[in-house]
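Numbering (our numbering), first residue to last: 1 to 107.
All C-beta atoms in this analysis are idealised placements derived from N, C-alpha and C, irrespective of residue type, glycine included.
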Amino acid sequence: MVYIKRDEQGRVIAAALEPDGEGWTQAKSDEPDVAVFARALTSGDAGLADTDLSLVRVLEDVIDLLVERSVIRFTDLPAAAQEKLNVRRGARASRRLNLLDDDNGLL
């Protein structure tokens, strides 16, 4: 359950999973004010998330380059990192193969 706190004008100024002191009320799941408040909090993160996605690709390329030049070994990376990189490599390879599929008239 989510609890909200409102200002004198009735606008949502805080949200929490547990009430912390006085002035908190239980929010209804379909309350539009809560959705507006949540969007306002996360709107600044959208640009950061976009750069995170492109940074992931850059990091993959840097890791591949370091391994290729024998600066590091792939097995030096933690097992979880190796697994994630292998999954991404497989997904990227699959996308490349789909782009080259002559049966669908694609390049």
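Self-check item: Coarse secondary structure for Ala15, derived from DSSP in three states
Solution: DSSP places Ala15 in strand when its eight states are reduced to three.
Self-check item: N-terminal and C-terminal residue of the beta strand (DSSP E) that Arg6 is part of
Solution: Counting along the chain, the beta strand (DSSP E) containing Arg6 begins and ends at Tyr3 to Arg6.
Practice problem: Tell me whether Val12 is buried or exposed, calling it buried when 16 or more other Cβ atoms sit within 10 Å of its Cβ. | Solution: Val12 should be labelled buried.
Practice problem: Identify whether Gln26 lies in helix, strand or coil by the three-state DSSP scheme. | Solution: In this structure, Gln26 counts as strand in the three-state DSSP scheme.
Self-check item: Cβ-Cβ separation, Val36 to Ile4 (assumed contact under 8 Å), whole Å
Solution: Between the beta-carbon of Ile4 and that of Val36 there is about 11 Å, and that puts the pair past the 8 Å contact cut.
Quiz item: Between Arg88 and the rest of its own chain, which residues show a CB-CB distance below 7 Å, the 5 nearest in sequence each way excluded?
Solution: By the criterion of a C-beta distance shorter than 7 Å, Arg88 is surrounded in its chain by Glu60, once the five residues flanking it on both sides are discounted.
Quiz item: In chain order, what residues of the same chain lie with their CB nearer than 7 Å to the CB of Met110, ignoring the 5 residues before and after it?
Solution: Limits of the chain in this structure are 1 at one end and 107 at the other, which puts residue 110 out of reach.
Self-check item: Residue range of the unbroken alpha helix (DSSP H) whose run includes Leu41
Solution: Segment Pro32 to Thr42, the alpha helix (DSSP H) holding Leu41.
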